[in-house]
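Novice:
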Amino acid sequence: MYTLIKQSDQSKARLGELKTAHGTIPTPFFMTIATKGVVRSVDAVELQENLKLPIILSNTYHLWLRPGLEILQAAGGLHQFMNWPGPILTDSGGYQVFSLSHLRKLSEEGVKFQSHIDGRWLFLSPEEAIKIQQTIGSDMMMVLDECVPYPAEYDYAKKSTERSLRWAQRCLEYKNNNDDYKSNQQQALFAIVQGGVYQDLRQQNAKDLAALNFDGYAIGGLAVGEPRQEMYQILDWVIPELPENKARYLMGVGYPQEIVEGVRRGVDMFDCVIPTREARHGRLYLWQHDDLSVEDFYSTIHIKNEQFQQDFAPIDHNCDCYTCKNFSRAYLNHLFRVDDPLFLRLATIHNVSFYQKLMMKIREGIEGGRL
Ligand SMILES: [Zn+2]
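Quick note on numbering: the sequence shown equals residues 3 to 373 in our numbering.
#1: Helix, strand or coil for valine 304 per DSSP?
#2: Between glycine 371 and asparagine 247, what straight-line distance do the alpha-carbon atoms span, to the nearest angstrom?
#3: Does ligand 2 have even one heavy atom less than 8 Å from the beta-carbon of aspartate 11?
#4: Count the other C-beta atoms from every protein chain shown that fall within 10 angstroms of the C-beta of isoleucine 7, then say buried if there are 16 or more, exposed otherwise.
#5: Can you give the beta carbon distance from valine 262 to isoleucine 364, rounded, assuming they're within the 8 Å contact cut?
#6: Could you have a look at lysine 14 and say whether DSSP puts it in helix, strand or coil?
#7: Tell me whether aspartate 147 is buried or exposed, calling it buried when 16 or more other Cβ atoms sit within 10 Å of its Cβ.
#8: Suppose only complete runs of 3+ residues qualify. What are the beta strand (DSSP E) ranges in the stretch 286-369, listed by chain order?
#9: Please tell me whether, using a cut-off of 8 Å, the distance from the CB of threonine 325 to the nearest non-hydrogen atom of ligand 1 is below it.
#10: Buried or exposed: valine 47, going by 16 or more other Cβ atoms within 10 Å of its Cβ?
#11: Can you tell me which of the three DSSP states alanine 193 falls into?
#12: Would you say threonine 34 and leucine 49 are within 9 Å of each other, going by their C-beta atoms?
#13: Name the residue from Lys14, Ala15, Lys54 whose alpha carbon lies nearest to the alpha carbon of glycine 25.
#14: Taking buried to mean at least 16 other C-beta atoms within 10 Å of its own C-beta, is isoleucine 119 buried or exposed?
#15: Keeping to the same chain, check which residues put their C-beta closer than 7 Å to that of glutamate 366; ignore five residues upstream and five downstream.
#16: Which residue from Val296, Val354, Ser127, Met362 puts its Cα closest to that of leucine 108?
#17: What distance in whole Å lies between the Cβ atoms of glycine 222 and tyrosine 152, which are believed to be in contact at a cut-off of 8 Å?
#18: Compute the minimum distance between the beta carbon of histidine 352 and the heavy atoms of ligand 1, and state whether it is under 8 Å.
#19: Taking the alpha-carbon positions, what's the asparagine 186 to asparagine 180 distance?
#20: Quick one, which of Glu243, Gln201, Ala220 has its alpha-carbon nearest lysine 209's?
#21: Buried or exposed for leucine 91, please, with buried defined as at least 16 other CB atoms from any protein chain shown within 10 angstroms of its CB.
#22: Do you know offhand how far glycine 197's Cα is from arginine 204's?
#23: Is the Cβ-Cβ distance between isoleucine 351 and valine 44 less than 9 Å?
#24: Ignore the nearest five residues each way along the sequence and tell me which others in alanine 15's own chain have a CB closer than 6 Å to its CB.
#25: At a threshold of 8 Å, does cysteine 173 count as lining ligand 1 (C-beta to nearest heavy atom)?
#26: Specify the secondary structure class of proline 229 as computed by DSSP and reduced to three states.
#27: Would you mind giving the Cβ-Cβ distance between isoleucine 236 and valine 199, rounded to the nearest angstrom? I have them listed as a contact below 8 Å.
#28: Can you look up glutamate 19 in the DSSP assignment and give me helix, strand or coil?
#29: Kindly list the residues whose CB is nearer than 7 Å to the CB of tryptophan 169, restricted to its own chain and excluding five residues on each side of it in sequence; keep chain order.
#30: Would you say the beta carbon of isoleucine 276 is closer than 8 Å to some non-hydrogen atom of ligand 1?
#31: Per DSSP, which residues does arginine 106 bridge with? Please list them.
#32: Can the beta-carbon of leucine 20 be found less than 9 Å from the beta-carbon of isoleucine 27?
#33: Can you tell which of Met84, Asp342, His304 has the C-alpha that lies nearest to the C-alpha of leucine 286?
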C-alpha cells in the first residue's frame, strides 16, 4: 500500500504515496480530525471540493457511543453516513477509553469501562476494536493498545508495552481470520509502537511489531507531555527498526515545526487537533517564510484582539483559502465577538488550509532536495 518515490539525501525525509480503498494519498500528509464523523462546522462536500482534503481521521470511541454501530451499519458505513468519498483512518478507541472514562478495569482480555456520556458499562477488547472499525468501514484501522502515560516507571512501561504487543497480535489474527465483513480485505491495519521513553523497550517493540507484517506502523505514546527533544530522540530510536516499505505514522503530532522535524526523521503521516481546535479559539496561522528550515517560518495571531477591529486585510495575504479570498480580519474579529457559528467555519477553513499547504511545501521541499 506504500510506495517510496524519493528518499532525501539531506535527511531521512521521504516522498511517497499511500494507496487506500478510497484513493491514493501523496506522503508525507496530515490528517484533519473529524472526531465524531464531522470536522466541526465544515461539511464533507466542502472538505472535498473546497479544501481538497486527502484524508480525515475519525474516533472509534466516539462513533461507537454515538450514533452507535446499529446506525452506522444501516447507513452503510461512515463514508456513506457523512457523505465523504475519500480515505478515512480510525483510531482503536483505546486512547479515549483511557483518557475520557474515569472508571475502568484493565485486564489481559481487554478493558471494561464506563461511558463518559451515559455511564453504561462497555467492554473493549482487541477483537471488538477491529469489529467496530470494520463496521465504520475505515480505510486504515489501528490496533487496540494502551498509550503508556508520561511519565511512567520502567516496569509499568514494560508490562504495558508487552500486553499491547499481545493485543496487536490478536487484532491482526482477528482481521486475518474474519471475512464476515464485505470490505474487510480492503481495510489496512496499523500497529502502534509503544515503550514509553525507554530506548530498549521502544526498539524491541518496533522489532516485534515489524516481524508481524502489519500494513503500516504508528509511533504512539508521544505528544503526551514529554519535552520535544525527547520525542525527536524516540523517533531516532524507533524509525530505523521499522520496515522501509511501510508507511510510518506519528500519532497526535503536532505543531508545524514538529511536523517538519518528524518528516526529517522519516515520518510519512501525522494527525493533530491543533489546527481545528485552535481555529475555534481564534488562534490563526500565518506564513512568515517559504523556507521551512528558517526558524519561525510561521506565526499565529489571536483574531479576537482589539488591534484587528479595523484591520480590513485578509488573515494572511499569502493564503488563497476561501476565508482569506472573501473576508477580512475585521469581519472575523466581529464574528468572534458576537459568537456566530460562521466564525468557527471560516477560521477552521483557514487553519486547515494552512496545514495542507504546509504538507505541500514539505513534499516540494523533499522533491527539490531542500528538506
Ligand atoms: Zn486563509
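Just so you know, even glycine gets a beta-carbon here, dropped at the ideal spot from N, CA and C.
Specialist: The relevant details are as follows:
#1: Note on residue identity: the sequence assigns histidine, not valine, to residue 304. Under the three-state reduction of DSSP output, histidine 304 falls in the strand class.
#2: Rounded to whole angstroms, the separation of the alpha carbons of asparagine 247 and glycine 371 is 21 Å.
#3: What this structure holds is ligand 1, not ligand 2.
#4: Here isoleucine 7 is exposed. Its C-beta has fewer than 16 other C-beta atoms within 10 Å.
#5: Isoleucine 364 and valine 262 do touch by the CB rule: their CB atoms are close to 7 Å apart, below 8 Å.
#6: Here DSSP, grouped into helix, strand and coil, assigns lysine 14 to coil.
#7: Burial call: buried.
#8: If you keep only unbroken beta strand (DSSP E) runs of at least 3 residues inside the stretch 286-369, you get 300-304.
#9: Within the cutoff, so yes.
#10: Its Cβ having fewer than 16 others within 10 Å, valine 47 is exposed.
#11: The answer is strand: DSSP assigns alanine 193 an E or B state.
#12: It is a contact, given that the beta carbons lie within the stated cut-off.
#13: Taking only the C-alpha atoms, the option nearest glycine 25 is Lys54.
#14: Counting other Cβ atoms within 10 Å of its Cβ, isoleucine 119 stays below 16 and is therefore classed as exposed.
#15: So the list is empty, once near-sequence residues are dropped.
#16: Looking at the Cα atoms, Ser127 is the closest of the given residues.
#17: The C-beta distance from tyrosine 152 to glycine 222 rounds to 12 Å, too long to meet the 8 Å contact threshold.
#18: Yes, the Cβ of histidine 352 comes within 8 Å of a heavy atom of ligand 1.
#19: Reliability fails at asparagine 186, whose pLDDT of 49 lies under 50, so the model's placement of it is uncertain and the value that follows must be treated cautiously. One C-alpha to the other measures close to 8 Å.
#20: If we check each option's Cα against that of lysine 209, Glu243 comes out closest.
#21: Buried, since its Cβ has 16 or more Cβ neighbours within 10 Å.
#22: So the two alpha carbons sit approximately 4 Å from each other.
#23: In this structure, isoleucine 351 sits near valine 44, with a CB-CB distance shorter than 9 Å.
#24: Only Val265, Arg266, Ile368, Leu373 meet the Cβ criterion.
#25: Not under cutoff, so the answer is no.
#26: Note: proline 229 maps to coil in three-state DSSP.
#27: That belief holds up - the Cβ atoms of isoleucine 236 and valine 199 are roughly 7 Å apart, short of 8 Å.
#28: Note: glutamate 19 maps to strand in three-state DSSP.
#29: Setting aside the 5 residues that flank it on each side, tryptophan 169 is surrounded in the same chain by Pro128, Val145, Leu146, Asp147, each with a C-beta closer than 7 Å to its C-beta; the list follows chain order.
#30: No, the Cβ of isoleucine 276 stays beyond 8 Å of every heavy atom of ligand 1.
#31: Assignment of beta-bridge partners to arginine 106 by DSSP yields Phe115.
#32: A distance below 9 Å separates the beta carbons of leucine 20 and isoleucine 27.
#33: Answer by Cα proximity: His304.
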